[in-house]
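Numbering (the working numbering), first residue to last: 914 to 1066.
Written below as structure tokens is the structure these notes are about.
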């Protein structure tokens, strides 16, 4: 029986994971140092800043984090006064989380830093290469979503 030897350095999930971790870890150092925010909190903060009030279920979907990580991030943001819960008028079993005025202020300060760091990380790529990278990543994510739907059917 033939064995297939996978070269980890060429395995797409590995490449994506280590690249994402390298980028996230570098940026997270700045968030921690300047704002005292960890990666899960950053993700929730940004989603709330961009999309407005969300349930924890919505946040889990938007961030692709598990429910426990989202819950802990929400509690951390709440304890710092950056977010607050309010009753979900459509569903009494859940709450919406939204940024407070202080949370919106942090979001307004953190986003320019994030975009600046993104530019530094992508600085080695031309504008066309950046566009191609974004397009390819979107196609890969779509392929993963379609595979998940096929397996769920």
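All residues carry an ideal CB built from backbone N, CA and C; glycine is no exception.
Small disclaimer: the values here were computed from a predicted structure and weren't measured.
Cβ pair residue i, residue j closer than 8 Å
| i | j | result |
| --- | --- | --- |
| residue 1027 | residue 940 | yes |
| residue 1011 | residue 965 | yes |
| residue 975 | residue 969 | no |
| residue 959 | residue 972 | no |
Nearest residue (CA-CA) to residue i, options the options
| i | options | result |
| --- | --- | --- |
| residue 961 | 936, 925, 921 and 995 | 995 |
| residue 954 | 991, 1030, 1036 and 934 | 991 |
| residue 1030 | 943, 1062 and 1049 | 943 |
Residue i versus residue j - alpha carbon distance
| i | j | result |
| --- | --- | --- |
| residue 1007 | residue 947 | 32 Å |
| residue 1054 | residue 1004 | 31 Å |
| residue 978 | residue 951 | 13 Å |
| residue 1020 | residue 1063 | 37 Å |
| residue 1032 | residue 933 | 15 Å |
| residue 993 | residue 1025 | 21 Å |
| residue 929 | residue 1040 | 21 Å |
| residue 938 | residue 927 | 16 Å |
| residue 1057 | residue 935 | 22 Å |
| residue 1017 | residue 988 | 17 Å |
| residue 925 | residue 931 | 10 Å |
Status (buried if at least 16 other CB within 10 Å, exposed otherwise) for residue i
| i | result |
| --- | --- |
| residue 986 | buried |
| residue 999 | exposed |
| residue 1038 | exposed |
| residue 1022 | exposed |
| residue 949 | exposed |
| residue 1048 | exposed |
| residue 920 | exposed |
Short CB-CB distance (under 8 Å) between residue i and chain C
| i | result |
| --- | --- |
| residue 1046 | Among the chains in the structure shown there is no chain C, since it carries only a single protein chain. |
CB-CB length for residue i against residue j, believed under 8 Å
| i | j | result |
| --- | --- | --- |
| residue 1050 | residue 1043 | Their Cβ separation, rounded to whole angstroms, is 11 Å, which puts residue 1050 and residue 1043 out of contact at 8 Å. |
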